[in-house]
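Take a look at the structure set out below.
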Amino acid sequence: MLVDAQHINKTFLGSKVLDAVTLQIDSGDRIALMGSNGAGKTTLVRALLGFYHIDSGDLSVLGHDPVKERVEVLKHISFIPQLPPPVRLSIEELINFIGKTSDLDPRQIIKEAAKMDLDIAEHKSKPFYKLSGGMKQKLLIAIALSRQSDLLIFDEPTANLDPKGREQFYQLLSLIPEERSTLFITHRLDEIKALTNRMIYMDLGKVVEDEKI
Amino acid sequence: MKNLLQVAYLDIRESLRSKWFIVYTLVFGGLMALFFITGVSDSVVMGFTGLSRMLLIFIQVTIIILPIFILITTVKSISGDRESNVLEYMLSFPVSLKDYYWGKMLGRFVTVFLPVLLALLLGVAFGLFKGGAMPWKMVFLYTALLFSLSFLFLGLAFLLSTVLKSTDMALGASFVVWILLLGFIDIALMGLMLQGRVSDSLIVTIAMLNPIEVFRIGAISLFDPELTVIGPVAYYLLDTLGQTALMVYAFVYPIVLGLLLSLLGYIVFKKKDLL
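Chains as they are written, first to last, in my numbering: chain U, 497 to 709; chain P, 47 to 321.
In structure tokens, the structure reads:
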């Protein structure tokens, strides 16, 4: 089992944002995680990434605690945020950082980016935040895919992509090996339905629906 | 260790490109240039002249602006990274919090300390060019004192950035701490003494705990062993401790305090939610 969450709770300023959430993610699960704003989707993902300390319950990724064993956990997870952060490093510095921390050959990222028509060599000395929205998103996707993680988490990944970019992105996703898992936080199920085999719906911090498609 | 050095290296690269670093370097380098243009080194004030006079003024100005520069730039960039989700992304890779925190601190230390040191060396070079003798003892002591003062305020900035999550709060706290510490240098302490409402031992304790006052006493005692220029508290401390012990204290105390503050910051960073 990739992820095992048992009755996890998290409260912010007296408001319960995760309320006894229990769910498992297995290898090969392609999940669409949905719910209205404030439903707890981002909090759940951040807890998985080790950013939040849960108040109670048990949470593990491949048997590791995301907070206490964050390095071990993050070796197996790739994350693409909804909005590309304004990282001030140059593209070259960023991919070298990722290469060193993730034991990854930076050339792999360059190769993956090329599949989405993003030429990294041309922009390598530019600061990341100076790229266009679409280019930033493509680079983040290339980084996530090249790491070959067991679980890929996408938070509204196509928000900045034009129709062609979206098409290329979905094509790349269809090439992800079957044994890997993906988790999409999305409001647009219709767009990724073909890429998912499970739908989880959250509301007010609870998992209210969890079904295989 | 590999990741710690990588984080430090990237922080240095990032800082070197940033506007705050350019302003910071220009302020300290510009100060030295200004001293020469205005002929400070040629003037005689209270018996000090030449290179000694210029370094004395440089240190006096540094006491005021170095702490607030370090606090603002560090707090702003670290809290800013959190608010703009840069921290979220960079920490989604397998890098330990220990490597990230101490790597950032190491990188930031290099970028806040080097411009001040270079300005000091620039001043010495100018002084030598004008025919002065190399004041080895003074350069060595000032380098050590600037090192420890920079380290202390960097530790404080890291603590404030981890405890206070919003940039505005952290900036506000930085100003309060800075003004408080400046308020309790000799002048304010003399005021307390004159009023006679506070015991002398409390005033001396406050002076010994205030790193800015400690830095000031340590730096000026080299010029003026009688410390006539900075007041009775400093005079009392010098008379009680002796010059060597006072200088060792002025170097060691800020480092120990800076280490404690940054360690506390690290514990908070590890124990609290990161975002």
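Note that beta-carbon positions come from the ideal geometry of N, C-alpha and C, so glycine has one too. Quick caveat, the model's predicted, so the values are computed rather than measured.
What does the alpha-carbon distance come out to for the pair residue i and residue j?
i	j	result
alanine 165 of chain P	glycine 264 of chain P	19 Å
tyrosine 282 of chain P	leucine 50 of chain P	44 Å
lysine 198 of chain P	proline 300 of chain P	For the record, residue 198 of chain P in the displayed sequence is leucine; it is not lysine. The straight-line gap from Cα to Cα measures roughly 5 Å.
proline 181 of chain P	isoleucine 68 of chain P	29 Å
methionine 184 of chain P	leucine 268 of chain P	7 Å
serine 196 of chain P	isoleucine 225 of chain P	17 Å
arginine 128 of chain P	alanine 296 of chain P	34 Å
arginine 643 of chain U	serine 598 of chain U	7 Å
serine 245 of chain P	leucine 303 of chain P	25 Å
lysine 571 of chain U	isoleucine 109 of chain P	45 Å
serine 677 of chain U	leucine 210 of chain P	36 Å
isoleucine 688 of chain U	glutamate 674 of chain U	16 Å
glycine 149 of chain P	leucine 700 of chain U	38 Å
valine 499 of chain U	isoleucine 521 of chain U	5 Å
glutamate 568 of chain U	isoleucine 105 of chain P	48 Å
threonine 518 of chain U	alanine 501 of chain U	5 Å
arginine 603 of chain U	serine 586 of chain U	16 Å
valine 345 of chain P	threonine 290 of chain P	It is not possible to answer for residue 345 of chain P, since the shown part of chain P is limited to 47 through 321.
proline 580 of chain U	leucine 174 of chain P	51 Å
glutamate 618 of chain U	phenylalanine 186 of chain P	47 Å
leucine 101 of chain P	alanine 171 of chain P	12 Å
phenylalanine 139 of chain P	serine 645 of chain U	11 Å
For residue i, go through chain U and note every residue whose CB falls closer than 9 Å to its CB, in chain order.
i	result
leucine 321 of chain P	Arg542, Phe547, Tyr548
leucine 56 of chain P	Leu585, Glu589, Leu590, Asn592, Phe593
glutamine 52 of chain P	Asn592, Phe593, Lys596, Thr597
glutamate 134 of chain P	Arg542, Leu545, Phe547, Phe575, Pro577, Pro581
Can you list the residues of chain U that residue i reaches, using a CB-CB cut of under 7 Å?
i	result
serine 130 of chain P	Pro581, Pro582
glutamate 60 of chain P	Arg584, Leu585
With DSSP collapsed to three states, give me the class of residue i.
i	result
arginine 746 of chain U	This structure gives no information on residue 746 of chain U, because the portion of chain U shown stretches from 497 to 709.
methionine 612 of chain U	coil
glutamine 578 of chain U	coil
glutamate 705 of chain U	strand
isoleucine 550 of chain U	coil
phenylalanine 139 of chain P	coil
aspartate 319 of chain P	coil
threonine 692 of chain U	coil
threonine 682 of chain U	coil
histidine 619 of chain U	helix
isoleucine 231 of chain P	coil
aspartate 601 of chain U	coil
aspartate 127 of chain P	helix
aspartate 561 of chain U	coil
serine 586 of chain U	strand
serine 245 of chain P	coil
leucine 555 of chain U	strand
methionine 698 of chain U	strand
Identify the continuous alpha helix (DSSP H) that holds residue i and give its terminal residues.
i	result
glutamine 718 of chain U	This structure cannot speak to residue 718 of chain U, because chain U is shown only from 497 to 709.
phenylalanine 508 of chain U	Here phenylalanine 508 of chain U belongs to no alpha helix (DSSP H); instead the beta strand (DSSP E) covers 499 to 508.
arginine 676 of chain U	Where arginine 676 of chain U is concerned, there is no enclosing alpha helix (DSSP H), given that its DSSP letter is neither H nor E.
glycine 264 of chain P	257 to 267
lysine 65 of chain P	65 to 83
serine 194 of chain P	182 to 209
valine 569 of chain U	566 to 570
leucine 544 of chain U	537 to 544
Which residues of chain P have a Cβ atom closer than 9 Å to the Cβ of residue i, listed in chain order?
i	result
isoleucine 594 of chain U	Phe139
leucine 570 of chain U	Leu137, Ser138, Phe139, Pro140, Val141
Give the C-beta separation of residue i and residue j to the nearest angstrom, bearing in mind that I take them to be a contact with Cβ-Cβ under 8 Å.
i	j	result
alanine 640 of chain U	phenylalanine 575 of chain U	7 Å
arginine 584 of chain U	tyrosine 625 of chain U	6 Å
leucine 200 of chain P	isoleucine 116 of chain P	6 Å
serine 552 of chain U	asparagine 505 of chain U	5 Å
methionine 78 of chain P	glycine 153 of chain P	Rounded, the Cβ-Cβ distance is 25 Å, inconsistent with contact.
Let's see if you can read the secondary structure: which residues bound the beta strand (DSSP E) around residue i?
i	result
lysine 512 of chain U	511 to 521
alanine 528 of chain U	526 to 530
aspartate 651 of chain U	647 to 651
Taking C-beta pairs closer than 8 Å, name the residues in chain U that residue i reaches, listed in chain order.
i	result
asparagine 49 of chain P	Lys596, Thr597
arginine 63 of chain P	Arg584, Pro623
tyrosine 312 of chain P	Those within 8 Å of tyrosine 312 of chain P in chain U number zero; the least Cβ separation is about 15 Å.
serine 142 of chain P	Arg566, Val567
arginine 243 of chain P	Ordered by position in chain U, no residue passes the 8 Å Cβ test against arginine 243 of chain P, which lies about 42 Å from the chain.
arginine 154 of chain P	Simply none; closest approach about 14 Å.
For residue i, go through chain P and note every residue whose CB falls closer than 7 Å to its CB, in chain order.
i	result
phenylalanine 680 of chain U	Simply none; closest approach about 16 Å.
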